[in-house]
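Structure first, then comments.
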Ligand SMILES: [Zn+2]
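In this note's numbering, the protein residues as written are 124 to 176.
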């Protein structure tokens, strides 16, 4: 059983994890932790076509 999350670029179909970079979306705060630090939603940037999704 694998819990590996497969991400795929919806634009060019790239699914190479080395070319898909997860970054926090600082415009989208999911919630604030008990320490008061914001937890951002994640977005992925495709290293091939540059699309952010
Ligand atoms: Zn792409």
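Note that the Cβ used here is the ideal one computed from N, Cα and C, for glycine as well. From a predicted model like this one, the values you see are computed outputs, not experimental measurements.
Restricting to Cα atoms, I'd like to know which of the options is closest to residue i.
i	options	result
residue 147	172, 131, 161	161
Would residue i and residue j be called neighbours here (beta carbons separated by less than 8 angstroms)?
i	j	result
residue 143	residue 172	no
Which stretch, first to last residue, makes up the beta strand (DSSP E) that contains residue i?
i	result
residue 142	It is not in any beta strand (DSSP E) - residue 142 carries neither H nor E in the DSSP assignment.
residue 161	161-169
If you drop the 5 nearest sequence neighbours on each side, which residues of the same chain put their C-beta closer than 6 angstroms to that of residue i?
i	result
residue 175	166, 168
residue 137	169, 171
residue 145	165, 167
residue 153	162, 164
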